[in-house]
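Residue numbers (the working numbering): 863 to 1222.
Ideal Cβ placement from N, Cα and C applies to all residues, glycine included.
What you are looking at is a predicted structure, and each value in this text was computed from that prediction instead of being measured.
Let me begin by presenting the structure, written as structure tokens, before commenting on it.
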């Protein structure tokens, strides 16, 4: 039974989830084992949808915070950990059955899809901007906050097992074990090796001149992409021997035909394709573009939406891309008009949109 009703198709390419949140959509995340999509929004809700292979949808669950939701993620395990769990006969462990969320109410919460129960699992002195699951040692939750800390939580304990002080507020964070990358308010980027999670492995100043909006780890864990409010993206490798492969480029810009001035839009999200390793960027110009970093080629851009794209997520096979069309708060409260759209679209990904191109 659906609590949100079924989806309706708006055009031949993309499918719209009906009954989306009625306020700005801040974050989305696909389950690592099934096509379930978690959606966090400024109306304090986290909604969970089941998505069909053609983009059709069914609402499955919903839970609430006491403030706007800023980040969502799922529990998961690495392939090597799965083999260990089978060897130890730990049949009770499941991945993709819990959703974690953080928000302006200074807490992180866990929702169990099997029991329907919500539990507070973390607390900070300011908003929890990012939640990420660390798939090692049975699983640890990492939370990044505007209180200038990262905390690591073993869910069996009420207090954090470790805490890291940051030079500034956490604006964005991502994890691909053993790599954790944090972007802070002063354009600093801190890299951590999660084998030694409380010590900074490397600190760099962003190669992008303006505020960091998003960091996203390569699927290989060998580096990360980052986007700024100035319509630029940078790809950074961790190993200094690969530093020559670092590069940046401009995107999400529009040239005015009359004045010849260029409108510049924020890069709000970067998502890597789980199979091909190519990536998408989402802009405040309402455009999602697919890129091949190796050949430095734009593979495709989707038709522009009538509002910013705030966040994106591929499903586990890369056959679906979810993207949110919503207000991104780049113009403050004055930019939030009553008729501003809030919707989530599902794009059926074709191989030729995301496969790497041969280098010339």
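Kindly indicate the opening and closing residues of the beta strand (DSSP E) around residue i.
i, result
"residue 878", "876-878"
"residue 912", "907-913"
"residue 1111", "1109-1112"
"residue 1073", "It is not in any beta strand (DSSP E) - residue 1073 carries neither H nor E in the DSSP assignment."
"residue 924", "919-926"
"residue 1187", "1182-1187"
"residue 966", "Note, residue 966: premise wrong, no beta strand (DSSP E); not H, not E."
"residue 1175", "1171-1176"
"residue 1104", "Run containing residue 1104: none; DSSP gives neither H nor E here."
"residue 1191", "First-last for residue 1191: undefined, no H or E at that position."
"residue 1209", "1205-1210"
"residue 1127", "Residue 1127 -> no beta strand (DSSP E), and no H or E assigned at all."
"residue 975", "Premise fails: residue 975 is in no beta strand (DSSP E) and is neither H nor E."
"residue 1154", "1150-1154"
"residue 1117", "1115-1117"
"residue 933", "931-936"
"residue 1219", "Careful: residue 1219 lies outside any beta strand (DSSP E) and carries neither H nor E."
"residue 1164", "Here residue 1164 belongs to no beta strand (DSSP E), and DSSP marks it neither H nor E."
"residue 1146", "Residue 1146 -> no beta strand (DSSP E), and no H or E assigned at all."
"residue 1179", "That residue, residue 1179, is in no beta strand (DSSP E); it is neither H nor E in DSSP."
"residue 892", "887-892"
Please look up how many angstroms separate the CB atoms of residue i and residue j, rounded, as I've assumed it's under 8 Å.
i, j, result
"residue 1218", "residue 1156", "6 Å"
"residue 1180", "residue 1129", "Not really, about 21 Å apart at Cβ, beyond 8 Å."
"residue 889", "residue 1173", "5 Å"
"residue 1132", "residue 1187", "So it is not a contact: roughly 17 Å between Cβ atoms."
"residue 1021", "residue 1069", "At roughly 37 Å, the Cβ-Cβ gap does not stay under 8 Å, so residue 1021 and residue 1069 are not in contact."
"residue 996", "residue 1054", "Wrong, their Cβ atoms sit about 10 Å apart, outside the cutoff."
"residue 1060", "residue 1052", "Not really, about 12 Å apart at Cβ, beyond 8 Å."
"residue 1225", "residue 965", "Any answer about residue 1225 is impossible in this case: the structure gives the chain only from 863 up to 1222."
"residue 973", "residue 1177", "That pair is no contact at about 19 Å."
"residue 971", "residue 927", "7 Å"
Among the options, which one has its Cα closest to the Cα of residue i?
i, options, result
"residue 1017", "1076, 961, 894 and 1069", "961"
"residue 1224", "1042, 1049 and 965", "A query on residue 1224 cannot be resolved here, the shown segment of the chain reaching from 863 to 1222 and no further."
"residue 1107", "1213, 1149, 1127 and 1097", "1097"
"residue 875", "1202, 1183 and 1203", "1183"
"residue 963", "938, 1019, 1153 and 925", "925"
"residue 903", "886, 917 and 897", "886"
"residue 1189", "1208, 1168, 1178 and 1177", "1168"
"residue 1212", "976, 1102, 1140 and 1049", "1140"
"residue 826", "896, 965 and 1033", "Outside the shown range of the chain, which is 863 to 1222, sits residue 826, and nothing can be said about it."
"residue 881", "1074, 1205 and 1201", "1205"
"residue 1158", "1210, 1185 and 1216", "1216"
"residue 877", "891, 905 and 918", "918"
"residue 1085", "1061, 1036, 1127 and 1116", "1036"
"residue 1011", "1032, 1001, 1019 and 1090", "1032"
"residue 1102", "936, 1063 and 1191", "1063"
"residue 857", "965, 936 and 969", "In this structure the chain extends from 863 to 1222, so residue 857 is not present and cannot be described."
"residue 1144", "1091, 1178 and 1117", "1091"
"residue 1229", "1019, 1034, 1074 and 929", "Here the chain covers residues 863 to 1222 and nothing more, so residue 1229 does not appear."
"residue 1065", "1044, 1058 and 1078", "1044"
"residue 1112", "970, 1170 and 1072", "1072"
"residue 920", "898, 929 and 928", "898"
"residue 1006", "967, 1147 and 1014", "1014"
"residue 934", "901, 977 and 1118", "901"
"residue 999", "1104, 1008, 1115 and 1056", "1056"
First and last residue of the alpha helix (DSSP H) that includes residue i?
i, result
"residue 1051", "Taken as a continuous stretch (DSSP letters only), residue 1051 belongs to no alpha helix (DSSP H), being part of the beta strand (DSSP E) at 1050-1055."
"residue 1216", "1213-1216"
*How about the stretch 983-999 and the stretch 904-913: do they share at least three Cβ pairs that are nearer than 8 Å?*
With a cut-off of 8 Å, the stretch 904-913 and the stretch 983-999 do not count as touching, because too few Cβ pairs lie within range.
_Cβ contact check for the stretch 970-986 and the stretch 1025-1034: 3 or more pairs under 8 Å_ = When Cβ pairs closer than 8 Å are counted between the two stretches, the stretch 970-986 is seen not to touch the stretch 1025-1034, the count staying below three.
*At a cut of 8 Å, does the stretch 1141-1152 reach the stretch 1162-1182 through at least three beta carbon pairs?*
yes
*Quick one: which unbroken beta strand (DSSP E) runs of 3-plus residues sit fully inside the stretch 985-1046? Chain order, please.*
990-996, 1002-1007, 1011-1015, 1024-1027, 1032-1038 and 1041-1046
*asked:* Ignoring anything shorter than 3 residues, give me the beta strand (DSSP E) runs that lie fully in the stretch 1077-1102, in order along the chain.
replied: 1085-1090 and 1094-1099
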